[in-house]
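Student: In the numbering used here, the protein residues as written are 537 to 736.
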Amino acid sequence: TLSTDQVQNWNAHWQPGTFLRAMAWIESHHLLPQTWVAGLMFIEGNSVGRAGFLLGNSSMSGWWYYFPVAMVVKTPLSTIAILILSTGVWLFRPPNFKTRAWDITAFALLPLIYMAFSMRPQADLGLRYILPVYPFLFIFIGISMAKLRHWQPKVAATLILLFLAGLTIETYSAYPDFIPFFNIAAGGWSNGPNLLSDSN
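1. Three or more C-beta pairs closer than 8 Å, one from the segment 604 to 613 and one from the segment 703 to 717: is that the case here?
2. Candidates Asp713, Arg636, Tyr602: which alpha carbon is nearest Phe653's?
3. Give the single residue among Ala560, Glu706, Ala642, Gly662 whose Cα lies nearest to the Cα of Asn736.
4. Just to confirm my understanding: we take Gly728, look at its own chain, exclude 5 residues before and 5 after, and list those with CB closer than 7 Å. What are they?
5. With a floor of 3 residues, list each beta strand (DSSP E) that falls wholly inside the segment 563 to 632, ordered by position along the chain.
6. Would the segment 566 to 575 and the segment 684 to 694 be scored as touching if the rule is three or more Cβ pairs under 8 Å?
7. Going by DSSP, which residues form a beta bridge with Leu732?
8. Taking DSSP as the reference, what is the three-state secondary structure of Leu673?
9. Within 10 angstroms of the Cβ of Gly723, are there 16 or more other Cβ atoms? Answer buried if so, exposed if not.
10. Under a three-way DSSP split, which group does Tyr711 fall into?
11. Excluding five sequence neighbours on each side, which residues of the same chain lie with their C-beta closer than 6 Å to the C-beta of Phe643?
12. Kindly indicate which three-state DSSP category Leu700 falls into: helix, strand or coil?
13. Would Ile666 and Met681 qualify as a contact pair, given that the criterion is a beta-carbon distance under 8 Å?
14. In terms of residue numbering, what span does the alpha helix (DSSP H) encompassing Asn727 cover?
15. Helix, strand or coil for Phe718? Go by DSSP, reduced to three states.
16. Indicate the three-state DSSP secondary structure (helix, strand or coil) for Arg656 in the structure shown.
17. Just the Cα atoms here: how many angstroms apart are Pro630 and Arg557?
18. With a Cβ-Cβ cutoff of 8 Å, do Leu673 and Leu619 count as a contact?
Spelled out as structure tokens, the structure:
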């Protein structure tokens, strides 16, 4: 939550936009039912911004890096590790971009666009807004491990077993409260309130 000084400072510098001035004029002239005007103003207010919390700081305008930070602290460490290793697989054995350009573009475009739009600092509310990116990350891990399996089968098998073991341990350490999960490096669920708030 924002402190009293932060709220007063924000209120002192806030200027209503055209939409809100129009709604105030409509309300003062009784052109629409009051509940309609209040509802429209409520929706506008939530879409413009609301109080957010990240790493001990509060803001009404948010942070462009909110979701990347949320993903890092709320994703299991084993998943982060295997994502880094998967990226390494593609760095050491890059694909043939001439023949696979369309496949790579089709796979990467949607999550990159979604992530770019999500990083607009307006409504930093919770990791749930970025969940559609995760299936693409998991597919990327699967493709990478399949590629590594053809190249280094024993290394791939070992990495997959370590990943599954680490994921199992970290998942069951959070049982039964999975929603407030924070990974071990972030301090676990007990340190969560110092990093993120709201639905996290």
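Glycine included, every Cβ here is placed at the ideal spot set by N, Cα and C.
Fair warning: this is a prediction, and the values are worked out from it, not measured in the lab.
Tutor: The relevant details are as follows:
1. Three or more beta-carbon pairs drawn from the segment 604 to 613 and the segment 703 to 717 are found closer than 8 Å, and the two stretches are therefore classed as touching.
2. Measuring from the Cα of Phe653, the nearest candidate turns out to be Tyr602.
3. Cα-wise, what sits closest to Asn736 is Gly662.
4. These residues qualify, in order along the chain: Pro716, Phe718, Asn736.
5. Counting only runs of 3 or more, we get 588 to 590, 593 to 595.
6. Cβ pair count under 8 Å is below three, so no.
7. In the DSSP output, where bridge partners are listed per residue, Leu732 has Leu590.
8. DSSP places Leu673 in helix when its eight states are reduced to three.
9. So Gly723 counts as exposed.
10. Tyr711 falls in the coil class under three-state DSSP.
11. There are no such residues.
12. Three-state DSSP puts Leu700 in a helix.
13. In this structure, Met681 does not lie closer than 8 Å to Ile666 by Cβ.
14. In the DSSP assignment, Asn727 falls within the alpha helix (DSSP H) that extends over 724 to 727.
15. Looking at Phe718 - three-state DSSP - the assignment turns out to be coil, as it is neither helix nor strand.
16. Note: Arg656 maps to coil in three-state DSSP.
17. Distance between the alpha carbons of Pro630 and Arg557 is about 55 Å.
18. Yes.
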